[in-house]
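Numbering of the sequence shown is given in my numbering, commencing with residue 401 and proceeding in unit increments.
Comments concern the structure below.
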Amino acid sequence: MNAHRNPDWQGLFGIVQGAGYEELRRQSANDLVSMDFPGYSIGGLSVGESKAEMNQVLEFTTPMLPTNKPRYLMGVGSPDSLIDGVMRGIDMFDCVLPTRIARRGTCMTSHGRVTVKNAQYERDFSPIDDNCDCYACRNYTRAYIRHLFKADESFGLRLTSYHNLYFLLHLMKQVRQAIMDDNLLEFRENFFEAYGYNVPNPKNF
Ligand SMILES: [Zn+2]
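Now the structure itself:
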């Protein structure tokens with residue numbers, strides 16, 4: 401049998417629901433924790449509520465879950481939400497965002513979003529992100545990738561997708577290092593400023 405079809409290789413996570421209601425979240429979390437899952441997901445967030453609301457729900461929900469099991473926030477993939485989720489005890493994320501925006505020509509960079517399809521990049525011979533060492537940034541320019549999009553050549557969206565996934569994996573690597581160096585708050589502030597987020601430091605941190 402293929403190892404990945406073997407139930408022993410799979411982790412069935414319990415998904416905590418309860419919208420923005422603390423008591424419903426508690427009831428859901430308690431019931432799921434009593435079933436002793438290998439990990440716990442937090443669902444019903446990133447479905448249209450504000451970031452402040454999402455952070456508030458995370459603040460009371462993650463402490464309901466065991467610290468020795470992975471905690472997974474579903475459907476969240478923007479850099480600010482990843483960092484703010486980690487600060488509230490989240491270990492894992494998944495999201496279509498990086499590849500969905502990449503297919504429209506939008507890249508996440510260390511200086512914020514760049515839409516390479518835009519006319520302003522027609523003669524921009526710099527990489528998508530001058531601080532990135534991914535395959536796309538090492539080998540191709542914004543102008544070339546823009547040309548690929550204009551020519552409906554699918555290699556363009558493969559390059560931007562690759563870059564965005566690399567960017568987020570690299571971001572999480574930096575977050576792990578910042579936790580080990582005990583300077584996550586400082587990292588967050590610097591990252592937010594460079595990315596162009598106008599988000600004040602949450603009062604609890
Ligand atoms: Zn790159």
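The beta carbon of each residue, even a glycine, is placed where N, CA and C say it ideally should be.
Subject >> Pair within 8 Å by beta-carbon distance, Thr467 and Val416 >> reply: Within the sequence shown, the letter at position 67 stands for residue 467. Within the sequence shown, the letter at position 16 stands for residue 416. Going by C-beta atoms, Thr467 is not nearer than 8 Å to Val416.
Subject >> Heavy atom of ligand 1 within 7 Å of Ile528 beta-carbon >> reply: If you number the sequence shown from 1, residue 528 lands on position 128. For ligand 1, at least one heavy atom lies less than 7 Å from the Cβ of Ile528.
Original post:
Around the Cβ of Arg488, are there at least 16 other Cβ atoms within 10 angstroms (buried) or fewer (exposed)?
Top reply: Residue mapping note: residue 488 aligns to position 88 of the sequence shown, counting from 1. Arg488 should be labelled buried.
Original post:
For Leu473, which beta-bridge partners are listed by DSSP?
Top reply: Position 73 of the sequence shown holds residue 473. Note: Leu473 sits in a beta bridge opposite Ile442, Phe493.
**OP:** Helix, strand or coil for Thr506, going by three-state DSSP, please let me know.
**Re:** The residue labelled residue 506 in the question sits at position 106 within the sequence shown. The answer is strand: DSSP assigns Thr506 an E or B state.
**OP:** Could you tell me which of Asn590, Tyr566, Pro527 sits nearest to Gly477, measuring between CA atoms?
**Re:** Locating residue 477 in the sequence shown gives position 77, where the first residue counts as 1. Of the listed residues, the one whose Cα sits closest to Gly477 is Tyr566.
**OP:** With DSSP as the reference, label Thr515 as helix, strand or coil.
**Re:** Start at 1 with the first residue of the sequence shown, and residue 515 comes out as number 115. Strand.
**OP:** Assign Arg538 to buried or exposed, taking buried as 16 or more other Cβ atoms, counted over all protein chains shown, within 10 Å of its Cβ.
**Re:** Taking the first residue of the sequence shown as 1, we reach residue 538 at position 138. Its Cβ having fewer than 16 others within 10 Å, Arg538 is exposed.
Original post:
Does the distance from the CB of Arg425 to the CB of Gly418 come in under 8 Å?
Top reply: Within the sequence shown, the letter at position 25 stands for residue 425. Within the sequence shown, the letter at position 18 stands for residue 418. Yes, these two residues count as a Cβ contact at 8 Å.
**OP:** Give the secondary structure of Gly418 by DSSP, where H, G and I count as helix, E and B as strand, and everything else as coil.
**Re:** To locate residue 418, count along the sequence shown from 1; it is residue 18. Coil at Gly418, not helix or strand.
**OP:** Keeping to the same chain, check which residues put their C-beta closer than 6 Å to that of Pro470; ignore five residues upstream and five downstream.
**Re:** In the sequence shown, counting from the first residue as 1, residue 470 sits at position 70. For Pro470, where only same-chain residues beyond five positions count, the Cβ hits under 6 Å are Gly439, Asp491, Met492.
Subject >> Beta carbon of Thr541 nearer than 8 Å to that of Pro527 >> reply: For the purposes of this step, residue 541 is taken as the residue at position 141 of the sequence shown. For the purposes of this step, residue 527 is taken as the residue at position 127 of the sequence shown. Yes; because the gap between Cβ atoms is below 8 Å, this pair is in contact.
Original post:
Considering only residues of the segment 514–599, which uninterrupted alpha helix (DSSP H) runs meet the minimum length of 4 residues and lie entirely inside it, listed in chain order?
Top reply: Listed in chain order, the complete alpha helix (DSSP H) runs (minimum 4 residues) inside the segment 514–599 are 535–539, 542–550, 555–580, 584–595.
Subject >> Alpha-carbon to alpha-carbon, Leu571 and Arg504 >> reply: The residue given as residue 504 occupies position 104 in the sequence shown. The residue given as residue 571 occupies position 171 in the sequence shown. Looking at the two C-alpha atoms, the distance is approximately 22 Å.
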